[in-house]
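Sequence positions in the sequence shown follow the numbering used here and run 499 to 740.
All C-beta atoms, glycine included, are put in the ideal place defined by N, C-alpha and C.
Here the structure is laid out as structure tokens; the discussion comes afterwards.
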Amino acid sequence: MSALLLSLCTAGHAAAADITVSAAASLNNAFREAAAAYEAAHPGHKVRLNFGASDALVAQIAKGAPVDVFASADQEAMDKAQPHVAQGTRRDFASNRLVVAAPAASKLQWRTLADLGQPGVQRLTTGNPASVPAGRYARSALEKAGQWQALEPKFVFATNVRQALDYIARGEVEAGLVYQTDVASQADKVRAVLAVPTTAPISYPLAVLKDAPNAAGARGFADFIMSPGGQAILARHGFGKP
499 MSALLLSLCT AGHAAAADIT VSAAASLNNA FREAAAAYEA AHPGHKVRLN
549 FGASDALVAQ IAKGAPVDVF ASADQEAMDK AQPHVAQGTR RDFASNRLVV
599 AAPAASKLQW RTLADLGQPG VQRLTTGNPA SVPAGRYARS ALEKAGQWQA
649 LEPKFVFATN VRQALDYIAR GEVEAGLVYQ TDVASQADKV RAVLAVPTTA
699 PISYPLAVLK DAPNAAGARG FADFIMSPGG QAILARHGFG KP
């Protein structure tokens, strides 16, 4: 369990106006801005953000973590959370794209996904396909391209997509498969070199949880994310329409 949720569980109950949002790591920058905007429009309310790999967040919710809103980076993770979701609150709120990203200073040439196997590429990264949506999208795309079996030994899997981005930014790998929005968050250190066709659209759902400590606040924040103002914030961070 993350430090935030551990503190919530051990401290008793969050303040009545607090809204606890567990969101996919790729939403970090966008949801921080959205939380600030929501708080500005709702004085006295506090949005507490907990970021991580979507599957890890589902595991926290299943163990009873006091979460009001869950925002996932894929439908599979939300499907796993469905038993804990309040009826009628699941909505798609954003879309994204998968790219091959490389350190900004990389001199390697990139034309197709087959170039991930070129001799100069010793290490690759993406999220762990067993628990991270970006990794699931990456594996599926590379399987369709006939590249996964040959490339899998090169992968250093990350616990979430932002950790994978950090590996690329620090030059610890030659390339990685991350979201377009992740690259935008570290544009001075990382550049997108290839678009990756995914086998399914990259769609982000959110939902209010059945046992939300602050159900009214949860619905308010979820509605804000779906509103023109919330959608404008997501667009500024590179996310597409749902």
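Beta-carbon gap between residue i and residue j smaller than 8 Å
i    : j    : result
T518 : P581 : no
R732 : L611 : Sequence inspection shows Leu at residue 732; the Arg mentioned does not correspond to that position. Cβ atoms of L732 and L611: not closer than 8 Å.
S552 : A571 : yes
V597 : A690 : yes
K652 : R609 : no
A557 : A673 : no
F655 : G625 : yes
Cβ shell of residue i (< 6 Å), same chain only, five flanking positions each side left out
i    : result
Y665 : T623, V671
Classification of residue i by the beta-carbon crowding that lies within 10 angstroms, buried from 16 upward
i    : result
D709 : exposed
P601 : buried
L504 : Caution applies to L504, whose pLDDT of 49 falls short of 50 and renders its modelled position unreliable; the value that the coordinates give is listed next. Per the 10 Å Cβ criterion, exposed.
D721 : exposed
P541 : exposed
G727 : exposed
P617 : exposed
I723 : buried
S725 : exposed
G586 : exposed
Three-way DSSP call (helix, strand, coil) for residue i in this model
i    : result
A522 : strand
T508 : Interpretation of T508 is limited by its pLDDT of 40, a score under 50 that renders its predicted location unreliable; the figure taken from the coordinates is listed afterwards. Three-state DSSP puts T508 in a helix.
D686 : coil
N594 : strand
S604 : coil
F549 : strand
D664 : helix
P726 : helix
G718 : helix
D572 : coil
Top-ranked residue by Cα proximity to residue i, from the options
i    : options                : result
P631 : Y536, K544, A733, A554 : A554
D686 : H540, P627, R668       : R668
N548 : Q573, N712, A557, A521 : A521
Close Cβ partners of residue i (< 7 Å) along its chain, the five nearest in sequence each way excluded
i    : result
D680 : S524, V659, R660, L663
E537 : H543, K544, V545
A648 : G615
Chain-order list of residues whose beta-carbon lies under 8 Å from that of residue i (same chain, five-residue window excluded)
i    : result
S486 : The requested residue 486 does not occur in the structure, where the chain is confined to residues 499 to 740.
A638 : Here the sequence assigns Ser to residue 638, which means Ala is not the residue at that position. Excluding sequence neighbours, S638 sits near T696, T697, A698.
H735 : N527, A528, E531, T679, A682, S683
Any non-hydrogen atom of the ligand GDP within 7 Å of residue i CB
i    : result
F568 : Only the bare structure without any ligand can be found here, which leaves the ligand GDP out of the picture.
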